[in-house]
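Working notes, structure below.
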Amino acid sequence: MNNLSIPKNSWDAALYQDKHAFVWQYGEDLLKFLNPQPGESILDLGCGTGQLTEKIAQAGAEVMGVDFAPAMIEKARENYPHISFDAADARNFQVDKPLDAVFSNAVLHWVKEADSAIASIHQSLKPGGRFVAEFGGKGNVQAIATALESALEAINIPTQTLNPWYFPSIGEYATLLEQQGFDVIHAMLFARPTPLAEGEAGMANWIGMFASSFLAGLSSEQQIQVIRVVEEYLKPILYQQGSWLADYRRIRIVAIKL
Ligand code: BEZ
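Under this note's numbering, the first residue of the sequence shown carries the number 111, and numbering increases by one thereafter.
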């Protein structure tokens, strides 16, 4: 398997694991929808540093974790040497034997070519196999994206091509799944305000980790200035009692291959 598609980003596996643990901590909720059973073959698509892959393994399933970023795979292997991890592309991966389930937490908002990812997932499943996913849905981090775009436009930087994310509505994503032969049995879009670690530095750290494409091409001074403007703009909306609360909205899907 190779190259799970995550656009250029400053993916630092150690930083991700230490400072952004909320990504998989929230994902534990999604495991209830997967409900992995002993002996099932399951792929964790976009496994990051492997924490949820390990939970699936603990249920007795035969799980493999894949991720685009080699640094994540390296860290996942270091964390859980008894589990198989490999690099792969969500838009274009193949498996040796059809799977019982594909699980994916907080990854598919990086894959703008949703059709290709759905086709790969579909061909990897057995008939009756399930696709259980959660990622950013319509309106996700809208205030943060708007603040970044406004701050950049204020210094005459065009922003049309900088947004790396795909945040679909339920209608849009369910339609894509149905068109490719899935039965969508559960779909939900919900706000999940997400506290960021590190107090006042939390927003700058989040932008550095997840929104660095907006800052590509700027000098270090410009980056610092843009982040300062973004923080000022967002403080009245997303900063409370010494902590940032990111305006996350999640789409959660369970679909069955027909
Ligand atoms: C999310 O999990 O919703 C997300 C993470 C990073 C950037 C944008 C969205």
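Where a beta carbon is used, it is the ideal one built from N, C-alpha and C, also for glycine. Predicted model only: the values in this text are computed from it and were never measured.
Could you tell me whether the Cβ atoms of Ala257 and Ser214 are closer together than 7 Å?
-> Their beta carbons are not under 7 Å apart, which means Ala257 does not touch Ser214 by this criterion.
Out of Leu235, His232, Gly281, Ala264, which has the shortest C-alpha to C-alpha gap to Phe248?
-> Looking at the sequence itself, residue 248 is Lys, so the reference to Phe does not match. Nearest C-alpha to Lys248: Gly281.
Can you name, in chain order, every residue of its own chain whose Cβ lies under 6 Å from the Cβ of Ser194, other than the five neighbours on each side?
-> Within the same chain, Ser194 has close Cβ partners Met174.
Taking 7 Å as the cut-off, decide whether the C-beta atoms of Gly272 and Phe324 are in contact.
-> Correcting the residue identity first, residue 272 is Leu in this sequence and not Gly. It is a contact, given that the beta carbons lie within the stated cut-off.
Where do the N-terminal and C-terminal ends of the alpha helix (DSSP H) with Trp220 fall, by residue?
-> Following the DSSP letters along the chain, one finds Trp220 in no alpha helix (DSSP H), marked with neither H nor E.
Under 6 Å from any heavy atom of the ligand BEZ, does the C-beta of Asn250 make it?
-> Yes - the ligand BEZ has a heavy atom lying nearer than 6 Å to the Cβ of Asn250.
With DSSP as the reference, label His192 as helix, strand or coil.
-> The three-state secondary structure of His192, taken from DSSP, is coil.
Roughly how many angstroms separate the alpha carbons of Gly352 and Gly309, rounded to a whole number?
-> Taking the straight line joining both Cα atoms gives about 6 Å.
For Tyr349, three-class secondary structure by DSSP = In this structure, Tyr349 counts as strand in the three-state DSSP scheme.
Confirm the yes/no value for this check: CB of Ala216, any heavy atom of the ligand ATP, distance under 6 Å.
-> As presented, the structure is devoid of the ligand ATP, carrying the ligand BEZ as its sole ligands.
Tell me the start and end of each unbroken beta strand (DSSP E) in the stretch 122–196 that is at least 3 residues and wholly inside, in chain order.
-> The qualifying runs are 151–155, 172–177.
Mind checking who Glu244 pairs with in its DSSP beta bridge?
-> Among the bridge pairs identified by DSSP, Glu244 is matched with Asn215, Arg362.
Smallest Cα separation from Ile317: which of Ala284, Pro274, Ala297?
-> Minimum Cα distance to Ile317 is reached at Pro274.
Minimum C-alpha distance to Arg201 - residue among Lys185, Ile334, Ala227 = Among Lys185, Ile334, Ala227, the Cα nearest to that of Arg201 belongs to Ala227.
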